[in-house]
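K.L.:
Residue numbers (my numbering): 25 to 215.
Let me give you the structure first, and then I'll get to my questions.
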């Protein structure tokens, strides 16, 4: 059994391993899954193994597998990429590769868990991301998690035969802490 790095209500997050390569290739080669990832596809197993090899143990890139606790199987990944010690920031990424788990609130749970890791464990000051304007579900998840829009790169990405705008969003540690304390206070009032 793989070690669990962080535990949520329905998800566990664990480090990636070479054993994940085949399932990652399946996910990333699915056009519905990969359209928002910005990676070249199709992807071969050897390419993915090389990518994983470069990430395992890489302190600047924390890539974690989302494991659905009830199903006991991987359903996607989250990551904090390009972490900078001096600036204490990272770029957030997420993908749910198993489409049957879309629209169940798991993206939000995984985002919240990753922000806990970023701010509570890694002591980051800023987590930023880019999201395509054609992905309203993701934008809603990020807004609910406390990310704020910071700008738009007009026609910043080519997806499925057309250019789309790319929204830049971020959340700061102080915003996360205020939000976390308000959530905790609200939960106390409800009990």
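Note that CB positions come from ideal geometry on N, CA and C, so glycine has one too.
Quick caveat, the model's predicted, so the values are computed rather than measured.
Could you tell me the boundaries of the alpha helix (DSSP H) in which residue 113 lies?
P.N.:
Walking along the chain shown from the start, residue 113 turns up at place 89. Note, residue 113: premise wrong, no alpha helix (DSSP H); beta strand (DSSP E) at 113 to 120.
K.L.:
Would you tell me roughly how many angstroms separate the C-alpha atoms of residue 82 and residue 74, rounded to the nearest one?
P.N.:
As a position in the chain shown, residue 82 is number 58, starting the count at 1. As a position in the chain shown, residue 74 is number 50, starting the count at 1. So the alpha carbons of these two residues sit roughly 13 Å apart.
K.L.:
Between the alpha carbons of residue 110 and residue 49, how many angstroms are there, rounded?
P.N.:
Mapped onto the chain shown, residue 110 falls at position 86. Mapped onto the chain shown, residue 49 falls at position 25. Computed Cα separation, rounded: 34 Å.
K.L.:
For the stretch 150 to 169 against the stretch 127 to 138, are there 3 or more C-beta pairs whose distance is under 8 Å?
P.N.:
Flag = yes, the stretch 150 to 169 and the stretch 127 to 138 touch.
K.L.:
Are the beta-carbon atoms of residue 192 and residue 175 separated by less than 8 Å?
P.N.:
Stepping through the chain shown from its first residue, residue 192 is reached at position 168. Stepping through the chain shown from its first residue, residue 175 is reached at position 151. It is a contact, given that the beta carbons lie within the stated cut-off.
K.L.:
So, using beta-carbon positions, are residue 36 and residue 76 closer together than 8 Å?
P.N.:
What you label residue 36 is simply residue 12 of the chain shown in a count that begins at 1. What you label residue 76 is simply residue 52 of the chain shown in a count that begins at 1. Contact flag unset, no.
K.L.:
So, helix, strand or coil for residue 41, using DSSP?
P.N.:
Taking the chain shown and counting its residues from 1, the one referred to as residue 41 is at position 17. Residue state, collapsed to three classes: coil.
K.L.:
Checking 8 Å against the spacing of the C-beta atoms, do residue 190 and residue 177 come in under that value?
P.N.:
Position 166 of the chain shown, counted from the start, is the residue given in the question as residue 190. Position 153 of the chain shown, counted from the start, is the residue given in the question as residue 177. Their beta carbons are under 8 Å apart, which means residue 190 touches residue 177 by this criterion.
K.L.:
For residue 184, I'd like the list of residues in its chain whose CB is within less than 7 Å of its CB, leaving aside the five on either flank, ordered along the chain.
P.N.:
Counted from its first residue, the chain shown places residue 184 at position 160. Excluding positions up to five away in sequence, the list reads 59.
K.L.:
Could I get the ranges of all uninterrupted beta strand (DSSP E) runs contained in the stretch 188 to 212, with 3 residues as the minimum, in chain order?
P.N.:
With a minimum length of 3 residues, no continuous beta strand (DSSP E) run stays inside the stretch 188 to 212.
K.L.:
Would you decide whether residue 72 is buried or exposed? Buried here means 16 or more other CB atoms lie within 10 Å of its CB.
P.N.:
For the purposes of this step, residue 72 is taken as the residue at position 48 of the chain shown. The residue in question, residue 72, is buried, as its Cβ has 16 or more Cβ neighbours within 10 Å.
K.L.:
Threshold first: 3 residues or longer. Then list the beta strand (DSSP E) segments lying entirely within the stretch 67 to 110, N to C.
P.N.:
Counting whole runs of 3 or more residues, the stretch 67 to 110 contains the beta strand (DSSP E) stretches 86 to 92 and 97 to 108.
K.L.:
Decide yes or no for the touch test of the stretch 144 to 154 against the stretch 108 to 127: beta carbon pairs closer than 8 Å, at least 3 of them.
P.N.:
With a cut-off of 8 Å, the stretch 108 to 127 and the stretch 144 to 154 count as touching, because enough Cβ pairs lie within range.
K.L.:
Skipping 5 residues on each side, what residues in its chain have a beta carbon closer than 8 Å to that of residue 42?
P.N.:
Here residue 42 refers to the residue found at position 18 when the chain shown is read from its first residue. Contacts found: 73, 76, 77 and 80.
K.L.:
Compare the C-beta of residue 136 against all C-beta atoms of chain E and say whether one is closer than 8 Å.
P.N.:
Looking at the structure shown, chain E is missing, and only one protein chain is on hand.
K.L.:
How far does the beta strand (DSSP E) with residue 124 in it extend, from its first residue to its last?
P.N.:
As a working note, residue 124 is residue 100 in the chain shown. Taken as a continuous stretch (DSSP letters only), residue 124 belongs to no beta strand (DSSP E), as it is neither H nor E.
K.L.:
Between the Cα of residue 84 and those of 106, 92, 90 and 102, spot the shortest distance and give me the residue it belongs to.
P.N.:
Working through the chain shown from its first residue, we reach residue 84 at position 60. Checked all of 106, 92, 90 and 102; the closest Cα to residue 84 is 106.
K.L.:
What residue range does the alpha helix (DSSP H) around residue 166 cover?
P.N.:
Within the chain shown, residue 166 is the residue found at index 142, counting from 1. Where residue 166 is concerned, the enclosing alpha helix (DSSP H) stretches over 160 to 168.
K.L.:
Is residue 175 helix, strand or coil by DSSP?
P.N.:
For the purposes of this step, residue 175 is identified with residue 151 of the chain shown, where counting begins at 1. Looking at residue 175 - three-state DSSP - the assignment turns out to be strand.
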